[in-house]
Amino acid sequence: MSFAAGRPMLAIPGPSPVPDRVLRAMHRASPDIYEGELVDLNIRVLGDLRRLAGTRHHVAAYIGNGHAAWEAATMNLLAPGDQALVLVTGLFGRGWAEAAEGLGIAVERMEFPDHSAPDPQRLADRLAADREGRIRAVLVCQIDTATSVRADIPAIRAAMGDHPAALAVDAIAALGCEPMRMDDWGVDVLVSASQKGLMVPPGLGFVWFSERVAKGSGAVTPYWNWTPRAQAEQLWQSWGGTPPVQHIHGLAEALTMLLDEETLPAAWARHEGLAAATWAALDAWGQGGEIGALVSDPAARARSVTAVGLPGAERLRAWTARHAGLTLGLGLGAVQPGDALRIAHMGHLTAQAHLGTLATIESAMVALGLPHGTGGTSAAAAEIARRSTAATG
Ligand SMILES: *Cc1c(COP(=O)(O)O)cnc(C)c1O
0 MSFAAGRPML AIPGPSPVPD RVLRAMHRAS PDIYEGELVD LNIRVLGDLR RLAGTRHHVA
60 AYIGNGHAAW EAATMNLLAP GDQALVLVTG LFGRGWAEAA EGLGIAVERM EFPDHSAPDP
120 QRLADRLAAD REGRIRAVLV CQIDTATSVR ADIPAIRAAM GDHPAALAVD AIAALGCEPM
180 RMDDWGVDVL VSASQKGLMV PPGLGFVWFS ERVAKGSGAV TPYWNWTPRA QAEQLWQSWG
240 GTPPVQHIHG LAEALTMLLD EETLPAAWAR HEGLAAATWA ALDAWGQGGE IGALVSDPAA
300 RARSVTAVGL PGAERLRAWT ARHAGLTLGL GLGAVQPGDA LRIAHMGHLT AQAHLGTLAT
360 IESAMVALGL PHGTGGTSAA AAEIARRSTA ATG
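The sequence shown begins at 0 in numbering that gives the first Met the number 0 and counts up one residue at a time.
Here is the structure:
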């Protein structure tokens, strides 16, 4: 029999669950786009986006997904022939490198294999060897969503020392879930999108940029140029044409929830707790077996998604969808395809819903006869209980 009737649960790392409040805010006819409420709301949203990233500098918004924001960031920052060093920790870093190559950038990849975080020393050594300062930018994913590896952005910035390269960070799977303090950390370019930690349907991409790189590469096409968007005086200029009316309303609602109601420190602590509960479950299930988080160093693990090695993962994903209404993330780029999956814990997610996800995974392992240690669900529940007494949130 099936237990899949009821509200389905999407635990994939994007798109993440959208709050009903955000959906309701979007459900409206288009208003006057020349003056009035929408114009004011857009100004507020752009200010909130800067607060979200921790910057007093610039933000350009685009109708597009993360791939669009990658291209926008790259061609504003770099011109064809410029050198970029991409720190690769998984499929998404590789994807950004390919996007840059497609724009004519001379890309060098520094690979960090086996689900390990970028090593700041290797970066420092490479930049020290670049005596003429030919590397114009270092590109890195704060979270690579495929491997769930987390990069330590302040350590990477520190490793860059006096080298003149700009630091560009993809925070698509991190913003709203993990700390980001763009100005304090010395990040020059930050990329994100609406559908992960920001709890809004897919369709918006964002690029923040510092004063140091604001002049741009000079090689950008008019539509993607960040300058008129960041300095817009009219609503249409900030979107390069007709504004995405309904998305602006949804984003305004989501940013109110995140910045003004929950607050960022509390949201970061909640994601940390949901991640820790996930790892506690995995540790118990993995006793004496092969189940476990693919990133072994807890400091290098994302707080928004966990890539899991689990023999029989593809059968397990099919079981949770069919019998329990739970969709888990596909394993991407894992050592054994079919024996990995990803558990998302990003965005609009209560402990109640996430403990349900973990308990459902345990049900699936029992039903399918997949070997696992006992006590995973209780270990996750105990982790939430322990953290609930802490001060933050
Ligand atoms: C999801 C994601 C992307 C791609 O975003 P799309 O909206 O699917 O184009 C890029 N980088 C990271 C780190 C992501 O998590």
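Beta carbons are placed, not taken as given, at the ideal position from N, Cα and C, and that holds for glycine.
Just reading off the beta strand (DSSP E) that residue i is part of, what are its end residues?
i, result
"residue 205", "203-208"
"residue 56", "No beta strand (DSSP E) holds residue 56; DSSP gives it neither H nor E."
"residue 82", "82-87"
Note down the Cα distance separating residue i from residue j, rounded to an integer number of angstroms.
i, j, result
"residue 43", "residue 267", "23 angstroms"
"residue 4", "residue 13", "23 angstroms"
"residue 128", "residue 121", "11 angstroms"
"residue 16", "residue 196", "9 angstroms"
"residue 211", "residue 63", "25 angstroms"
"residue 67", "residue 55", "23 angstroms"
"residue 341", "residue 11", "7 angstroms"
"residue 19", "residue 353", "18 angstroms"
"residue 388", "residue 350", "14 angstroms"
"residue 272", "residue 301", "12 angstroms"
"residue 380", "residue 190", "34 angstroms"
"residue 325", "residue 34", "43 angstroms"
"residue 93", "residue 104", "14 angstroms"
"residue 296", "residue 126", "26 angstroms"
"residue 392", "residue 270", "In this predicted model, residue 392 has a pLDDT of only 48, less than 50, meaning its place in the structure is not dependable; the value taken from the coordinates is given anyway. The straight-line gap from Cα to Cα measures roughly 11 angstroms."
"residue 284", "residue 320", "20 angstroms"
"residue 65", "residue 130", "33 angstroms"
"residue 95", "residue 209", "20 angstroms"
"residue 40", "residue 344", "29 angstroms"
"residue 110", "residue 88", "6 angstroms"
"residue 134", "residue 80", "11 angstroms"
"residue 2", "residue 323", "5 angstroms"
"residue 278", "residue 294", "10 angstroms"
"residue 223", "residue 71", "6 angstroms"
"residue 30", "residue 237", "17 angstroms"
"residue 358", "residue 141", "29 angstroms"
"residue 384", "residue 203", "36 angstroms"
"residue 8", "residue 363", "15 angstroms"
"residue 100", "residue 218", "14 angstroms"
"residue 157", "residue 119", "8 angstroms"
"residue 309", "residue 214", "48 angstroms"
Could you check what DSSP says for residue i in three-state terms: helix, strand or coil?
i, result
"residue 46", "helix"
"residue 134", "strand"
"residue 351", "helix"
"residue 185", "coil"
"residue 384", "helix"
"residue 291", "strand"
"residue 21", "helix"
"residue 263", "helix"
"residue 324", "coil"
"residue 308", "strand"
"residue 199", "coil"
"residue 335", "coil"
"residue 392", "Bear in mind that a pLDDT of 48 at residue 392, under 50, signals an unreliable position, so the model cannot answer this."
"residue 159", "helix"
"residue 40", "helix"
"residue 102", "coil"
"residue 10", "strand"
"residue 282", "helix"
"residue 149", "strand"
"residue 96", "helix"
"residue 115", "coil"
"residue 190", "strand"
"residue 34", "coil"
"residue 139", "strand"
How many whole angstroms separate the CB atoms of residue i and residue j, which I take to be in contact at a CB cut-off of 8 angstroms?
i, j, result
"residue 328", "residue 336", "At roughly 14 angstroms, the Cβ-Cβ gap does not stay under 8 angstroms, so residue 328 and residue 336 are not in contact."
"residue 317", "residue 307", "The Cβ separation is near 16 angstroms, so there is no contact."
"residue 139", "residue 90", "Actually they are not in contact, since the Cβ atoms of residue 139 and residue 90 sit about 14 angstroms apart, beyond 8 angstroms."
"residue 37", "residue 58", "Actually they are not in contact, since the Cβ atoms of residue 37 and residue 58 sit about 18 angstroms apart, beyond 8 angstroms."
"residue 116", "residue 172", "Contact doesn't hold; Cβ gap of about 15 angstroms is too wide."
"residue 371", "residue 290", "6 angstroms"
"residue 27", "residue 246", "Actually they are not in contact, since the Cβ atoms of residue 27 and residue 246 sit about 11 angstroms apart, beyond 8 angstroms."
Comparing the CB of residue i with every heavy atom of ligand 3, is any distance shorter than 7 angstroms?
i, result
"residue 152", "For the structure depicted, ligand 3 is absent and the ligand set comprises only ligand 1."
Hey, could you find the ends of the alpha helix (DSSP H) residue i is sitting in?
i, result
"residue 109", "First-last for residue 109: 105-110, but that is the beta strand (DSSP E), not the alpha helix (DSSP H)."
"residue 165", "Segment 165-169 is the beta strand (DSSP E) holding residue 165; no alpha helix (DSSP H) there."
"residue 301", "That residue, residue 301, is in no alpha helix (DSSP H); it is neither H nor E in DSSP."
"residue 250", "244-254"
"residue 126", "119-128"
"residue 74", "65-76"
"residue 235", "234-238"
"residue 229", "225-229"
Given 8 angstroms as the limit, is there contact between the stretch 68-76 and the stretch 166-174, that is, 3 or more CB pairs closer than that? yes
Tell me whether the stretch 249-260 and the stretch 221-241 touch, counting them as touching only if at least three CB pairs, one residue from each stretch, are closer than 8 angstroms. Cβ pair count under 8 angstroms is below three, so no.
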